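Enquirer: For the sequence shown, the working numbering gives the first residue as 261, with consecutive numbering after it.
C-beta atoms are modelled at their ideal positions from N, C-alpha and C, and glycine is treated no differently.
From a predicted model like this one, the values you see are computed outputs, not experimental measurements.
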Amino acid sequence: MKCLDGDKTNCDPSNWELISREVLPHLSGRFGFAYDQAEPEVKPAMMAVAKLKHAVKQARSKVRSG
Numbered sequence: 261m262k263c264l265d266g267d268k269t270n271c272d273p274s275n276w277e278l279i280s281r282e283v284l285p286h287l288s289g290r291f292g293f294a295y296d297q298a299e300p301e302v303k304p305a306m307m308a309v310a311k312l313k314h315a316v317k318q319a320r321s322k323v324r325s326g
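#1: May I ask you to verify whether the region 298 to 317 touches the region 276 to 286, counting CB pairs closer than 8 Å and requiring at least 3?
#2: With the cut-off set at 8 Å, would you say residue 300 and residue 265 are in Cβ contact?
#3: According to DSSP, simplified to helix, strand and coil, what is residue 262?
#4: Taking the alpha-carbon of residue 286 as reference, which of 306, 270 and 298 has the nearest alpha-carbon?
#5: Would residue 254 be called buried (16 or more neighbouring beta carbons within 10 Å of its own) or exposed?
Take a look at the structure:
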């Protein structure tokens, strides 16, 4: 799960999004975006791009495998 507004103490269900483990590296500062430190206005775009990167990676692996 990923905290959407950056406030991990905000337990409102709308503040949390379930994402796959494979998307998390795209949101970390080490391998991708620094999602947790980003401004709230850009977080939805960062999340969308991270999910898109993961989808592209999955599609490429399917094409390669068969």
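Expert: Well, looking at it:
#1: yes
#2: Residue 300 sits at position 40 when you count from the first residue of the sequence shown. Residue 265 sits at position 5 when you count from the first residue of the sequence shown. Yes; because the gap between Cβ atoms is below 8 Å, this pair is in contact.
#3: On the sequence shown, residue 262 is found 2 positions in, with the first residue counted as 1. It is a strand residue.
#4: Against the sequence shown, residue 286 aligns to sequence position 26. Ranking the options by Cα distance to residue 286, first place goes to 306.
#5: The chain is shown from 261 up to 326; residue 254 falls before or after that span and cannot be answered.
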